[in-house]
DNA sequence: TTCAGGCATAAGCCCTCCTTATGGGCCGTG
DNA sequence: CACGGCCCATAAGGAGGGCTTATGCCTGAA
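Right, dumping it as structure tokens:
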């Protein structure tokens, strides 16, 4: 589409030439401007000549020891300088601004039970980085959502993204000590059958029942009601409403202070895990690197 | 100097990519922006990808039927648009501004005796063009002075410039009728010897004396005092102070109304002429073309 | 289900733009 | 007054950026 091109070219200045012009106008020297721009004096001369032909008038007067702006050049220089300052500012803002806010997409339970307790140390380590949490159970698509990094659970084989395993998504029943006491304590898996089971339709219950040698049919009999997130079911369990099956690693605090107890060492594991995920192409972006290094160290150290 | 280059590149955005970004951000469409810029959709996609890598963050979210700006993109877009508006304005101003003022370097006599009487018709024909006269006898150097077009006298063979002959710089004696009357009229060349001669050192006098068969030695006897411009000597002649040797074409008005008379048809001609001169490279600049066409027509028509 | 619209990607080529090399003009200096 | 230095212009040549063409994928509409 040559006609379009020519139209375009005629109404917009050649940008590289303008960049050179700006520098030359500032230094009033081809040589110095070229040095600033990291090119040779000849290149600067070439670009200015190009621009002068485009504008249709000389922009500089070549005097013996120096150059000065022509009338046309004087008209152009201030606005051009201002425009470049704007561009530089916008660019820097986008760069640092992008570095200044980290958007983390995370699963609800991970956010409330792990991030909430650990994020403080990240913010201490990176005071200039603001973290914006985006809680969602969807599998985030980095091309479609404004997300820098995500916590996902699953098999870990997603294309186009870098993944780091945080911990296995194992699962084991948990309940409040008070509820356990109502039946004189939970000693063996079968004791659970005497208690309400939260979200009995969860595949995890089935797996765990099988592993524990309990009859799976019992699950089907129960009223099924899922709350959609481990954190909610754990809260229900803490409130004494039943037994939840959750990932132990996410409830260390509750286990430690006795709000929940884990009656059996037996944990189920379907091979799923919690993963840190981000686009491969962005692995070296500072804020992403910072978050990755922090979370991996934090997980390893706890 | 690779280190300079890399420094530079890291602190200034890639301009072509930014230009594309601006268009894409405006249209929220790669395809439309590419069309506006006169390139293919693939090229736009390529440039945006490049810029996103440079910025370190995606600038657009690719949604099914459209794209939207990311946070980083939103931060960048307004300033970038503004910067381009500035650049466009500056460029246009330089272009049209340059078209709006025509700087003419002219010889003093030509200015006062020809341009002053004719320029009006040029300004009527080109009301948007302001003419700035720069009177000087120096041979103007277009590279060093802010001059668009010049009137010169001389042989007409200057390198690098376009020349058009206006009229021959011939020369012939002129004097006021009153002065002629003091010796009973000037009938033949020898009569001049009885009158004061203005700037007898002028080479033109010598040439004309030879052509007229007068003794050249007479000239050397006279007190030499040059006024440096034909117009001044002509004024002296009009005032009756002596005989001047000037170019007839420049004094048509004075001859017509009788302030001056040209006693002899004999004119000298050393091959010099008055020329219109401008840089070859700028022959198609509108204002230069306009002035050239006007002055040639004016000269031819009078 | 098919079609159309829109973006991404790969391969390849052209042309821009930069470099090196050289020359000219002007200044200061010995 | 000649010489060297500074600065810009110009020519020739080469490398790589950036564009095009071609193709694929995805999604929403008919």
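Chains as they are written, first to last, in my numbering: chain B, 1026 to 1327; chain D, 1026 to 1327. We put the beta carbon where it would ideally sit given N, CA and C, even for glycine.
Could you give the distance in angstroms between the alpha-carbon of residue i and the alpha-carbon of residue j?
i	j	result
residue 1183 of chain B	residue 1165 of chain B	11 Å
residue 1113 of chain D	residue 1108 of chain B	10 Å
residue 1151 of chain D	residue 1170 of chain B	58 Å
residue 1143 of chain D	residue 1239 of chain D	37 Å
residue 1076 of chain B	residue 1312 of chain D	18 Å
residue 1230 of chain B	residue 1090 of chain D	42 Å
residue 1129 of chain D	residue 1111 of chain B	37 Å
residue 1225 of chain D	residue 1252 of chain D	11 Å
residue 1314 of chain D	residue 1305 of chain D	11 Å
residue 1260 of chain B	residue 1100 of chain D	40 Å
residue 1209 of chain B	residue 1248 of chain B	24 Å
residue 1201 of chain B	residue 1250 of chain B	19 Å
residue 1052 of chain D	residue 1272 of chain B	47 Å
residue 1309 of chain D	residue 1286 of chain D	41 Å
residue 1237 of chain B	residue 1197 of chain B	10 Å
residue 1079 of chain D	residue 1281 of chain B	47 Å
residue 1296 of chain D	residue 1235 of chain D	16 Å
residue 1138 of chain D	residue 1199 of chain D	15 Å
residue 1215 of chain D	residue 1167 of chain D	45 Å
residue 1058 of chain B	residue 1072 of chain B	12 Å
residue 1084 of chain D	residue 1157 of chain B	18 Å
In this structure, does DSSP put residue i in helix, strand or coil?
i	result
residue 1320 of chain D	helix
residue 1151 of chain B	coil
residue 1300 of chain B	strand
residue 1114 of chain B	helix
residue 1190 of chain B	strand
residue 1251 of chain B	coil
residue 1167 of chain B	coil
residue 1262 of chain B	helix
residue 1159 of chain B	strand
residue 1244 of chain D	helix
residue 1199 of chain D	strand
residue 1119 of chain B	helix
residue 1268 of chain D	strand
residue 1082 of chain D	coil
residue 970 of chain B	For residue 970 of chain B there is no data in the structure shown, the boundaries of chain B being 1026 and 1327.
residue 1092 of chain B	strand
residue 1235 of chain D	helix
residue 1039 of chain D	coil
residue 1284 of chain D	coil
Looking at the C-beta of residue i, does it have a partner C-beta in chain B at a distance below 9 Å?
i	result
residue 1239 of chain D	no
residue 1305 of chain D	no
residue 1159 of chain D	no
residue 1299 of chain D	no
residue 1184 of chain D	no
residue 1091 of chain D	no
residue 1041 of chain D	yes
residue 1037 of chain D	yes
Just confirm the distance between the C-beta atoms of residue i and residue j, as a whole number of angstroms; I'd bet it's less than 8 Å.
i	j	result
residue 1174 of chain D	residue 1301 of chain D	7 Å
residue 1178 of chain D	residue 1127 of chain D	In fact, because the Cβ distance is near 20 Å, the residues do not count as touching under 8 Å.
residue 1192 of chain D	residue 1298 of chain D	7 Å
residue 1294 of chain B	residue 1195 of chain B	4 Å
residue 1045 of chain D	residue 1069 of chain D	5 Å
residue 1269 of chain B	residue 1262 of chain B	4 Å
residue 1204 of chain D	residue 1125 of chain D	Their Cβ separation, rounded to whole angstroms, is 46 Å, which puts residue 1204 of chain D and residue 1125 of chain D out of contact at 8 Å.
residue 1218 of chain D	residue 1267 of chain D	Actually they do not touch by this definition, with Cβ atoms about 12 Å apart.
residue 1093 of chain B	residue 1115 of chain D	Rounded, the Cβ-Cβ distance is 18 Å, inconsistent with contact.
I want to see whether chain D comes within less than 9 Å of residue i, judged by CB atoms only; does it?
i	result
residue 1124 of chain B	yes
residue 1098 of chain B	yes
residue 1044 of chain B	yes
residue 1218 of chain B	no
residue 1095 of chain B	yes
residue 1053 of chain B	no
residue 1198 of chain B	no
What are the residues in the region 1067–1087 of chain D lying within 8 Å of chain B by C-beta distance? 1078, 1080, 1081, 1082, 1083, 1084, 1086 and 1087
Against chain B, which members of the region 1101–1119 of chain D pass a CB distance test of less than 7 Å? 1101, 1104, 1105, 1107, 1108, 1111, 1112, 1113, 1114, 1115, 1116, 1118 and 1119
Which residues of the region 1152–1179 of chain B have a Cβ closer than 7 Å to any Cβ of chain D? Give them in chain order. 1168, 1169, 1170 and 1171
Tell me which residues of the region 1308–1321 of chain D have at least one Cβ-Cβ distance to chain B shorter than 7 Å, keeping chain order. 1310
Looking at chain D, which residues of the region 1270–1291 of chain B have a Cβ within less than 9 Å of any of its Cβ atoms? none
What are the residues of the region 1127–1143 of chain B that lie near chain D, defined by any Cβ-Cβ distance shorter than 7 Å? none
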